[in-house]
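A short write-up of the structure that comes next.
There are 2 protein chains.
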Amino acid sequence: MQRMGMVIGIAAEHIAEYKRLHAGVWPGVLERIHRSHIRNYSIFLREPENLLFGYWEYHGRDFEADMAAIAADPETQRWWRLCGPCQVPLASRQPGEHWASMASVFHVD
Amino acid sequence: MQRMGMVIGIAAEHIAEYKRLHAGVWPGVLERIHRSHIRNYSIFLREPENLLFGYWEYHGRDFEADMAAIAADPETQRWWRLCGPCQVPLASRQPGEHWASMASVFHVD
Numbered sequence: 001m002q003r004m005g006m007v008i009g010i011a012a013e014h015i016a017e018y019k020r021l022h023a024g025v026w027p028g029v030l031e032r033i034h035r036s037h038i039r040n041y042s043i044f045l046r047e048p049e050n051l052l053f054g055y056w057e058y059h060g061r062d063f064e065a066d067m068a069a070i071a072a073d074p075e076t077q078r079w080w081r082l083c084g085p086c087q088v089p090l091a092s093r094q095p096g097e098h099w100a101s102m103a104s105v106f107h108v109d
Numbered sequence: 001m002q003r004m005g006m007v008i009g010i011a012a013e014h015i016a017e018y019k020r021l022h023a024g025v026w027p028g029v030l031e032r033i034h035r036s037h038i039r040n041y042s043i044f045l046r047e048p049e050n051l052l053f054g055y056w057e058y059h060g061r062d063f064e065a066d067m068a069a070i071a072a073d074p075e076t077q078r079w080w081r082l083c084g085p086c087q088v089p090l091a092s093r094q095p096g097e098h099w100a101s102m103a104s105v106f107h108v109d
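If you read the sequences in order, they're chains A and B.
Taking this note's numbering, the leading residue of the first sequence gets 1, the next gets one more, and so forth.
Taking this note's numbering, the leading residue of the second sequence gets 1, the next gets one more, and so forth.
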């Protein structure tokens with residue numbers, strides 16, 4: 001299992017909408033995440049810096065394929081069309097990234 | 001159990017030292033964290049924004065007392081004297097905070 005952290009900005013004027021959306025994420029979106037072997041997934045918000053931090057535990061064996069399956073899912077694509085305008089990706093992110101990945105520097109069970 | 005997220009800056013010139021320290025956190029520091037009911041604790045680093053994100057799961061019933069017990073531990077105090085100069089607390093943090101707390105906006109198991 002791999003613990004993963006990621007970060008993205010959020011537009012101040014869309015914080016309320018983002019919270020509202022994430023209080024009721026669509027079941028099909030959650031199911032697709034689950035089928036891509038993601039577990040214990042949390043998102044945290046920091047204001048006034050307007051940063052979102054994501055944390056999840058990946059239990060699969062082909063991360064690229066699992067992420068591609070999420071990206072190819074029509075319901076997830078509809079979901080992203082709602083969430084995307086709320087988010088402000090970091091300019092420093094890698095090509096192909098939306099959320100920017102972070103490096104693990106510490107873990108204890 | 002409560003999932004908690006927190007964020008703090010890191011000084012660019014201290015990133016290597018911070019990584020080195022956290023590759024071998026002292027057993028007494030880890031034990032004190034454990035006794036304060038913290039589990040599944042990870043820290044992630046984002047460069048070049050130079051942010052640290054912390055995630056843990058708190059299983060206790062008196063968070064303030066559990067944090068006070070960590071802060072009163074002499075070995076932890078020695079540890080913090082090494083880590084503290086690496087970190088750059090957010091100006092927006094609450095009084096009494098070092099790491100700034102984040103708000104949970106989403107979770108799925």
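C-beta: ideal position from N, C-alpha, C; glycine also.
All values derive from a computational prediction rather than experimental measurement.
Rounded distance between the beta-carbons of residue j and residue i, thought under 8 Å
i: residue 49(B); j: residue 90(A); result: 7 Å
i: residue 25(B); j: residue 106(A); result: 7 Å
i: residue 85(A); j: residue 22(A); result: Their Cβ separation, rounded to whole angstroms, is 14 Å, which puts residue 85(A) and residue 22(A) out of contact at 8 Å.
i: residue 16(B); j: residue 88(B); result: Actually they are not in contact, since the Cβ atoms of residue 16(B) and residue 88(B) sit about 15 Å apart, beyond 8 Å.
i: residue 3(A); j: residue 104(A); result: 6 Å
Proximal residues to residue i (C-beta, below 8 Å), its chain only, five neighbours per side dropped
i: residue 19(B); result: 45
i: residue 51(A); result: 7, 8, 9, 10, 45
Contact with chain B by residue i, beta-carbon distance below 8 Å
i: residue 40(A); result: yes
i: residue 63(A); result: no
i: residue 8(A); result: no
i: residue 18(A); result: yes
i: residue 107(A); result: yes
i: residue 28(A); result: no
i: residue 14(A); result: no
i: residue 5(A); result: yes
i: residue 102(A); result: yes
i: residue 88(A); result: no
Collapsed DSSP secondary structure at residue i in the structure displayed
i: residue 20(A); result: helix
i: residue 2(B); result: strand
i: residue 90(A); result: coil
i: residue 80(A); result: helix
i: residue 103(B); result: strand
i: residue 61(B); result: coil
i: residue 28(A); result: helix
6 Å CB neighbourhood of residue i in its chain, flanking five on each side removed
i: residue 53(A); result: 7, 44
i: residue 98(A); result: 89
i: residue 5(A); result: 55, 102
i: residue 66(B); result: 36, 37, 60
i: residue 1(A); result: 57, 59
i: residue 95(A); result: none
i: residue 69(B); result: 36
Short CB-CB distance (under 8 Å) between residue i and chain A
i: residue 68(B); result: no
i: residue 36(B); result: no
i: residue 96(B); result: no
i: residue 78(B); result: no
i: residue 49(B); result: yes
i: residue 82(B); result: no
i: residue 46(B); result: yes
i: residue 58(B); result: no
Same chain only: Cβ atoms within 7 Å of residue i, ignoring 5 sequence neighbours per side
i: residue 82(A); result: 21
i: residue 28(B); result: 75
i: residue 93(A); result: 100
| Within the chosen definition, does the stretch 57-72 of chain B reach the stretch 31-40 of chain B through at least 3 CB pairs nearer than 8 Å? | Segments in contact, yes.
| said: Does the stretch 74-90 of chain A come into contact with the stretch 17-34 of chain A, if we say contact requires no fewer than three beta-carbon pairs (one atom in each stretch) closer than 8 Å? | reply: Taking 8 Å as the limit for Cβ pairs, the verdict is that the stretch 17-34 of chain A does touch the stretch 74-90 of chain A.
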